[in-house]
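Undergrad: Residue numbers (our numbering): 905 to 1242.
1) Do residue 1178 and residue 1078 have their beta-carbon atoms positioned less than 8 Å apart in this structure?
2) Flag this pair as touching only if the stretch 1008-1018 and the stretch 985-998 have three or more C-beta atom pairs under 8 Å; answer yes or no.
3) Among the residues of its own chain, which have a CB less than 7 Å from the CB of residue 1081, if the five just before and after it don't count?
4) I need the DSSP call for residue 952, collapsed to helix, strand or coil.
5) Beta-carbon separation of residue 974 and residue 1005 under 8 Å?
6) Hey, how far is the Cα of residue 1108 from the Cα of residue 1101?
7) Is it buried or exposed, residue 1019, if we count other Cβ atoms within 10 angstroms and call 16 or more buried?
8) To the nearest angstrom, how far is it from the Cα of residue 949 to the Cα of residue 1116?
9) Would you mind working out which of 1122, 1146, 1154 and 1196 sits nearest residue 984, comparing C-alpha positions?
10) List, from N- to C-terminal side, the alpha helix (DSSP H) runs of 4 residues or more that fit wholly inside the stretch 1082-1167.
11) Let me know if residue 1232 comes out buried or exposed under the rule of 16 or more other beta-carbons within 10 Å of its beta-carbon.
12) Which two residues bound the contiguous beta strand (DSSP E) that contains residue 1078?
13) Using a Cβ-Cβ cutoff of less than 7 Å, which residues in the same chain neighbour residue 1089 once the five nearest sequence positions on both sides are dropped?
14) What are the start and end residues of the beta strand (DSSP E) that includes residue 946?
15) Rounded to the nearest angstrom, how far is the Cβ of residue 1112 from that of residue 1037, given a contact under 8 Å?
16) How big is the Cα-Cα spacing for residue 1023 and residue 1044?
17) If you follow the beta strand (DSSP E) that residue 979 is in, where does it begin and where does it stop?
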């Protein structure tokens, strides 16, 4: 019976939404290396890229432009076997420009000991509100290390939607009382792999084991739909991207259909295991954008005992500080197709 229910659920999810109509780009069309270019390996056709974590360093890339709202997406395949302490992140941020008032939208994949599944979390910050993280954590309903799956972030002036394989898993609707906690400044798109032994797996109980290195995360079918913006010259000119914002609102990924909402509800009921909205330890007063569900409230009544890593700006600064010196080379090009 359990197996029948599982396949029925997979069928439901598979037909909940259609494949998004998006245009993919090559790496060079939209991205540049962020750090450790020797651990960034492009495919011969330039349409996919691998990021490696070894005993010396991780790696990452960043979009060539900053965007004021947009749809950011990639198909990602995560490392397999023993991955405790590893974080693979796909996120937007402007921490390099707005150091004390940065915004973020995060999808973070959290590694695990061998035989235990990957997990992931979504999060957002606005205007440097890193002490008011809005994390949600989920178990996967598939093995993300076996094949590619699409992960996406939609960011508009009205709402934020996180997707997995074109199925919405979380929507944050902007609430007036959020104020600056809602991301509002132009952001870049980042992808990274790095050592987060201090918190990623069971609150830091399990560390990265470099006997299994190098750890490889793969990215392909990259999408950057949005309004490229100079954050210094254009901000706070809110009209600069009006046409692009209107165009984004017409896209298929900007509307959650009734079937999509039903699929999102099922995923959250079955696979979400933490939500900040029910964390009365961190938030005695419920954040204003939260919509409280009585059944979820009962299920998460013991929330507030997880450990989180904080903003990517601080994490990246620490990762760079801890890097051991090693010879660097130009970006590698892989000999075989990925």
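Quick reminder that beta carbons are idealized off the backbone N, C-alpha and C, glycines included. Computed from a predicted structure; not experimentally measured.
TA: By the coordinates alone:
1) The sequence position of residue 1078 within the chain shown is 174, counting from 1. The sequence position of residue 1178 within the chain shown is 274, counting from 1. Contact flag unset, no.
2) yes
3) Position 177 of the chain shown, counted from the first residue, corresponds to residue 1081. Excluding sequence neighbours, residue 1081 sits near 1192.
4) Within the chain shown, numbered from 1, the residue matching residue 952 stands at position 48. Strand, per DSSP.
5) Position 70 of the chain shown, counted from the first residue, corresponds to residue 974. Position 101 of the chain shown, counted from the first residue, corresponds to residue 1005. No, Cβ-Cβ distance for residue 974 and residue 1005 is not below 8 Å.
6) Within the chain shown, the letter at position 204 stands for residue 1108. Within the chain shown, the letter at position 197 stands for residue 1101. Their backbone Cα atoms lie some 6 Å apart in a straight line.
7) Sequence index remark: in the chain shown, residue 1019 carries index 115 (1-based). Result: exposed.
8) Position 45 of the chain shown, counted from the start, is the residue given in the question as residue 949. Position 212 of the chain shown, counted from the start, is the residue given in the question as residue 1116. When rounded, the distance between both Cα atoms is 28 Å.
9) If you number the chain shown from 1, residue 984 lands on position 80. Here the closest residue by C-alpha is 1122.
10) 1135-1138 and 1146-1154
11) Here residue 1232 is taken as the residue at index 328 of the chain shown, counted from 1. Reliability of the predicted coordinates at residue 1232 is poor, the pLDDT of 39 falling under 50, and the value obtained from them is presented with this limitation in mind. Residue 1232 comes out exposed.
12) Translated into positions along the chain shown, residue 1078 becomes position 174. Residue 1078 -> no beta strand (DSSP E), and no H or E assigned at all.
13) By 1-based counting over the chain shown, the position of residue 1089 is 185. Closer than 7 Å at the Cβ level, and outside the excluded window around residue 1089, lie 998, 1002, 1007, 1135 and 1139.
14) Walking along the chain shown from the start, residue 946 turns up at place 42. Element bounds for residue 946: 944-946.
15) On the chain shown, position 208 is the one that residue 1112 refers to. On the chain shown, position 133 is the one that residue 1037 refers to. Residue 1112 to residue 1037, Cβ: 23 Å. No contact.
16) Position 119 of the chain shown holds residue 1023. Position 140 of the chain shown holds residue 1044. Taking the straight line from one Cα to the other gives about 6 Å.
17) Walking along the chain shown from the start, residue 979 turns up at place 75. Looking at the DSSP string, the run of the beta strand (DSSP E) that includes residue 979 is 970-981.
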